[in-house]
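Okay, structure first, notes after.
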Amino acid sequence: MQRICFKESENISVRIMGKEFFRKYQLIWFVLICYLMIAIVSIIQIVIGIPQFSRESPTISGFFLWFFYIFSPTFAAVIVTTIAEGKDSLRRLLKGYIIWRVNWVWYFAAFLLLLAPLLVGVVYFFIGDTPGIDQSLTVGSVVYLIGYGLVSGPVSEEGGWRGYMLPKLQEKFNALISSLILGVIWFVWHIPLFFIKGSSQYESRSLFFGIIYFILVMSIGLILTWLYNNAKGSLIITILGHFCFNFSSVLIVSILGLMPTMVFNIVGGVLGVCYLLFILLYAGYKRFSRKPDDELPFTPPTKKESEPEGIEAQEVFSSNKNTKN
3 MQRICFKESE NISVRIMGKE FFRKYQLIWF VLICYLMIAI VSIIQIVIGI PQFSRESPTI
63 SGFFLWFFYI FSPTFAAVIV TTIAEGKDSL RRLLKGYIIW RVNWVWYFAA FLLLLAPLLV
123 GVVYFFIGDT PGIDQSLTVG SVVYLIGYGL VSGPVSEEGG WRGYMLPKLQ EKFNALISSL
183 ILGVIWFVWH IPLFFIKGSS QYESRSLFFG IIYFILVMSI GLILTWLYNN AKGSLIITIL
243 GHFCFNFSSV LIVSILGLMP TMVFNIVGGV LGVCYLLFIL LYAGYKRFSR KPDDELPFTP
303 PTKKESEPEG IEAQEVFSSN KNTKN
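With positions in the sequence shown counted from 1, the corresponding number in this note's numbering is that position plus 2.
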């Protein structure tokens, strides 16, 4: 009887230790699970030759692989949160999708990612050489592009990147460092798309485009951190900002034909730098926000947590000094 009880208690201890290990390294598990998902999809698509799901290639197999790829960050976030923290934390994660009562300024700030380049595009249209509106597009085509652009990235990714990973990083680092770490992971997540036929990355792949793409991913990541931190952790706002950023090139270059792709990339880069300078100068690099810590959608690292070794060493030194006296 005692042996049975001992084995049961030993099994319970192992499970608890396993869960604690998973919880301690949950960010690493999140990245590994997310990357494993896209690796499986990418290998299948590249080896078999299944093109990216799109209006031009609407295959069932392509759709399921595309769906699995784009939702991998959110799927990974749900899996890791459920195992490491339980259902209550999962509900808090998903709550971000229904936080809409925020100051209208943040809706405007998100929409500005589309409005600003659009205004520049209109000016360029009258002074530059542009192809003009694509006459072959129908209302149905435009609706499809909007729907596809909304799901393929903003809705599918934000639960993982901003809903889960960003607040976890900001509990350890400042907003700038957290955004840069997330930006690199986010860019690497996009790399397989450069080798999958039918994706926008595949059609434009080159070393120059890869560098521009990296800069754009890092830039939008910083801007979305600012929106997230100031809009109560609303994923609706980050989804809107993500969508406006992605759709701006489709609208300005492909649909309206206001400027060529190269000019748009230059304009987007300049506007992005201006946007980021404003954020850093106005809100600061530590929080990307002027709000007090208790109003932020995460628990910022305190001075004691960020400098544990120095504090512990000081306490030990003081105790030794008192003992000698």
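Every residue gets a Cβ at the ideal spot worked out from N, C-alpha and C, and that includes glycine.
Bear in mind that the values here come from a model prediction, so they are computed numbers and not experimental data.
Candidates the options, of which the one nearest residue i by Cα
{"i": "residue 173", "options": "289, 53, 148 and 112", "result": "289"}
{"i": "residue 191", "options": "269, 44, 28 and 24", "result": "44"}
{"i": "residue 105", "options": "208, 236, 156 and 254", "result": "236"}
{"i": "residue 26", "options": "83, 66, 218 and 129", "result": "83"}
{"i": "residue 87", "options": "28, 255, 57 and 119", "result": "28"}
{"i": "residue 159", "options": "30, 119, 212 and 226", "result": "226"}
{"i": "residue 95", "options": "167, 130, 66 and 207", "result": "167"}
{"i": "residue 193", "options": "24, 30 and 41", "result": "41"}
The alpha helix (DSSP H) enclosing residue i, as first and last residue numbers
{"i": "residue 45", "result": "28-50"}
{"i": "residue 195", "result": "Premise fails: residue 195 is in no alpha helix (DSSP H) and is neither H nor E."}
{"i": "residue 172", "result": "168-172"}
{"i": "residue 67", "result": "62-72"}
{"i": "residue 250", "result": "237-251"}
{"i": "residue 203", "result": "202-205"}
Residue i burial status per 10 Å Cβ neighbour count (16 or more: buried)
{"i": "residue 49", "result": "exposed"}
{"i": "residue 125", "result": "exposed"}
{"i": "residue 141", "result": "exposed"}
{"i": "residue 102", "result": "exposed"}
{"i": "residue 308", "result": "At residue 308, the pLDDT of 43 sits below 50, so the modelled position is not reliable and the matter cannot be decided from this model."}
{"i": "residue 263", "result": "exposed"}
{"i": "residue 93", "result": "exposed"}
{"i": "residue 34", "result": "exposed"}
{"i": "residue 268", "result": "exposed"}
{"i": "residue 306", "result": "Low confidence applies here, because residue 306 scores a pLDDT of 40, under 50, leaving its location unreliable; read the following figure in that light. Exposed is the call here."}
{"i": "residue 246", "result": "buried"}
Three-state secondary structure (DSSP) of residue i
{"i": "residue 93", "result": "helix"}
{"i": "residue 146", "result": "helix"}
{"i": "residue 102", "result": "coil"}
{"i": "residue 305", "result": "Because the pLDDT of residue 305 is 48, which lies under 50, any placement of that residue in the model is unreliable, and the question is left without a value."}
{"i": "residue 1", "result": "Because the chain in this structure spans residues 3 to 327, residue 1 falls outside the shown range and cannot be described."}
{"i": "residue 164", "result": "helix"}
{"i": "residue 218", "result": "helix"}
{"i": "residue 233", "result": "coil"}
{"i": "residue 259", "result": "coil"}
{"i": "residue 140", "result": "coil"}
{"i": "residue 132", "result": "coil"}
Nonlocal neighbours in the same chain, by C-beta distance under 8 Å from residue i, ignoring five residues either side
{"i": "residue 162", "result": "32, 36, 74, 75, 76, 77, 78 and 79"}
{"i": "residue 22", "result": "none"}
{"i": "residue 59", "result": "53 and 200"}
{"i": "residue 175", "result": "183 and 303"}
Cut-off 7 Å between Cβ atoms - residues of its own chain near residue i, not counting five sequence neighbours on either side
{"i": "residue 232", "result": "108, 291 and 293"}
{"i": "residue 68", "result": "54 and 55"}
{"i": "residue 198", "result": "44, 47, 48, 54 and 204"}
{"i": "residue 139", "result": "257"}
{"i": "residue 70", "result": "39 and 43"}
Own chain, CB closer than 6 Å to residue i, minus 5 neighbours either side, in chain order
{"i": "residue 51", "result": "none"}
{"i": "residue 135", "result": "258 and 259"}
{"i": "residue 98", "result": "165, 235 and 237"}
{"i": "residue 203", "result": "195 and 196"}
Contact test: residue i Cβ vs the ligand GDP heavy atom, cutoff 7 Å
{"i": "residue 89", "result": "Looking at this structure, you won't find the ligand GDP or any other ligand, since it has none at all."}
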